[in-house]
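Visitor: Structure below; questions to follow.
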Amino acid sequence: MKMRKSLIQFATLATMGATVLAGCAGSGSGGSSASDKNEVKVWVQFSDETAEGKAWQEIVDGFNKEHDGDYKVVTEYIPRSGSGGGYEDKVNAAVSTNSLPDIITLDGPNTAAYAHSKVIIPLDEYLKDADMDDVLDSIKQQGTYDGKMYAFGYSESNVGIYYNKKMFKDAGIDLASLPTIEKPWTWTEFNAIAEKLKNFHKVEAIGFKLNSIDEMLPYGYMPLIWSNGGSVVNDEGTKAEGYFNSKESVEAVEFIQNMVKKGYTTVSPVEKGFETGIYPMLLSGSWTINDMETNYKDVEYGILPYPVSDTTKKLVSPSGSWELAVTTKSEKPEIAAEFVKYATNTESSKIMSLGNSVLPIRKSTIELIKDQVSPEMAFLMEQNAKTAHARPVVVAYPQVSRAFQQAMQDISYYDQNPDVQKVLDARAKEMQAAIDESLAK
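Right, dumping it as structure tokens:
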């Protein structure tokens, strides 16, 4: 399953995850249902028939072959439903009945909730020989809570500005002068290009995903706040007030609002508008590459880096995907952790990246496959390695995410002239209340 699906369906956990996890978790034996004493069970959120499932099975088969006669990993495939349920439903039910498997997958932003509720164990003592210096900082960041690493991402994702080369050239934009990771467009420069594209093509310049109303908004927009020196919460994940509504954050969100006011984007975009040649640009992630190469082969496109704050000139891009974690119910944590290490080593990352069209998690894997992927995927791999920033690790992340999404919707109704400072003040207060409640449990 591509990152796109996990982003769209994230809202399920916002309504049920944190409460159930906080109320029902505990440590002890009896959770593993594996029959063999040397067998560990892992639950995953995708089908065995998908590209991800096939790559996953290749990794599992490799592990089992290498450890034949010693121990074995068995996978239970539990695909997520269209509404985001299915997998999370089963995990939450297993938490309440003490029937979790040895290993579960979880979406990166939920690390803190699972760790705080003692659903998963710290992995640090098992990772001493895992060459963690080779692992991307974004993977370590999203899997760390309270100074300990609880979850290990087995794939990565990233976002950029897709652009239609013909529409750019038709508007008189020199493709040789486009921004690079080393020299990205500032917000002012980006606005000037958007104005030029809008005027020539008589249409919005970019599909900016404002109609998503899902995890794509915090995932895609937080880098603009970080680029300007702002943040959503503090480093400890305990404070939103004074951070999400800070001067730096307000300026970044005003940049987003200005795109709507100036007609550079719209809250009601045409479905597949970029892919079908309507919009010259699109904010989207690595999952769109496969869609373009499969379904829109006639569109000549490229990917540009995020625009950066005029003040800091700092390029920041988003990251994060699904992780592996060992549960507190496992009676065989050493074996389970051994598989987590295997599933995240250089060769396994190569199998998952090439098999599922996702970004690798290790620097060594990037070097290994950089000549085997498209220029667009290679660009996102480089941008991810150099500029990626994971979403905040905060126990109340589902509620923080929802308040962020609502804030982006609030500021988009420009005909009502919403004041960004007032909007972020109100939503920061909501975030703070959720954070305080979660930490009190």
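Mapping of the sequence shown onto mature numbering (1 follows the signal peptide of the UniProt record, and there is no 0): residues -22 to -1, 1 to 419, in sequence order.
Ideal Cβ placement from N, Cα and C applies to all residues, glycine included.
1. Would you mind giving the Cβ-Cβ distance between residue 131 and residue 299, rounded to the nearest angstrom? I have them listed as a contact below 8 Å.
2. Assuming residue 427 and residue 267 are in contact, meaning their beta carbons sit under 8 Å apart, how far apart are those beta carbons, in whole angstroms?
3. If you drop the 5 nearest sequence neighbours on each side, which residues of the same chain put their C-beta closer than 6 Å to that of residue 382?
4. Rounding to the nearest angstrom, what Cα-Cα distance links residue 35 and residue 177 in this structure?
5. Where residue 352 and residue 87 are concerned, what is the direct C-alpha to C-alpha distance, given to the nearest angstrom?
6. If I measure Cβ to Cβ from residue 29 and keep anything under 8 Å in the same chain, skipping five residues before and after, which residues do I get?
7. Taking the straight line between their C-alpha atoms, what separation do you get for residue 406 and residue 345?
8. Apply the 10 Å Cβ neighbour rule to residue 377 and answer buried if 16 or more other Cβ atoms are within range, or exposed otherwise.
9. In three-state terms, what does DSSP make of residue 169?
10. Please state whether the Cβ-Cβ distance between residue 280 and residue 141 is less than 7 Å.
11. Report buried or exposed for residue 160, applying the criterion of at least 16 other Cβ atoms within 10 angstroms of its Cβ.
12. Does DSSP put residue 85 in a helix, in a strand, or in coil?
13. In three-state terms, what does DSSP make of residue 407?
14. Per DSSP, residue 50 forms a beta bridge with which residues?
15. Whole alpha helix (DSSP H) runs in the segment 258 to 315 with 4 or more residues, listed along the chain?
16. From this set, 212, 340, 217, which residue's C-alpha is nearest residue 364's C-alpha?
17. Taking all protein chains shown into account, decide if residue 123 is buried (16 or more other Cβ within 10 angstroms of its Cβ) or exposed.
18. What do you get for residue 230, buried or exposed, if any count of 16 or more other CB atoms within 10 angstroms of its CB means buried?
19. Tell me the DSSP secondary structure of residue 351 in three-state form.
20. Using DSSP with H/G/I as helix, E/B as strand and the rest coil, what is residue 317?
21. Less than 7 Å separating the beta-carbons of residue 157 and residue 126?
22. Out of 248, 282, 69, 50, state which residue places its alpha-carbon closest to the alpha-carbon of residue 57.
23. According to the neighbour-count rule (16 or more other Cβ atoms, all chains shown, within 10 Å of its Cβ), is residue 74 buried or exposed?
24. Starting from residue 368 and walking both ways along the alpha helix (DSSP H), at which residues does that stretch end?
25. Whole angstroms is fine: what's the gap from residue 162's alpha carbon to residue 409's?
26. Check each candidate in 297, 282, 259, 415 and name the one with the smallest Cα separation from residue 138.
27. What residue does the alpha helix (DSSP H) around residue 231 start on, and which one ends it?
28. Since residue 130 sits in a beta bridge, which residues does DSSP pair it with?
29. Three or more C-beta pairs closer than 8 Å, one from the segment 103 to 111 and one from the segment 308 to 321: is that the case here?
30. So, with DSSP's three-state summary, where would you put residue 138?
31. In three-state terms, what does DSSP make of residue 164?
32. If you reduce the DSSP assignment to three classes, tell me which class residue 380 lands in.
33. Run through DSSP, which three-state label would residue 123 get?
34. Compare the Cα-Cα distances from residue 175 to each of 33, 237, 37 and report the closest residue.
Guide: With the given structure in hand:
1. 6 Å
2. Here the chain covers residues -22 to 419 and nothing more, so residue 427 does not appear.
3. So the qualifying residues of the chain are 196.
4. 50 Å
5. 28 Å
6. 333, 334, 335
7. 41 Å
8. Per the 10 Å Cβ criterion, buried.
9. helix
10. A contact, by the Cβ cut-off of 7 Å.
11. exposed
12. strand
13. helix
14. 17
15. 265 to 273
16. 340
17. buried
18. buried
19. Here residue 351 carries a coil assignment [DSSP, helix/strand/coil].
20. helix
21. Not a contact, by the Cβ cut-off of 7 Å.
22. Nearest option by C-alpha distance: 69.
23. exposed
24. Counting along the chain, residue 368 falls outside any alpha helix (DSSP H), though it belongs to the beta strand (DSSP E) covering 366 to 368.
25. Straight-line spacing of the CA atoms in residue 162 and residue 409 works out to 32 Å.
26. 282
27. The continuous alpha helix (DSSP H) containing residue 231 extends over residues 225 to 239.
28. Note: residue 130 is bridge-paired with 302 in the DSSP secondary-structure output.
29. Contact between the segment 103 to 111 and the segment 308 to 321 is present: three or more C-beta pairs spanning the two stretches fall below 8 Å.
30. strand
31. strand
32. helix
33. Three-state DSSP puts residue 123 in a strand.
34. 237
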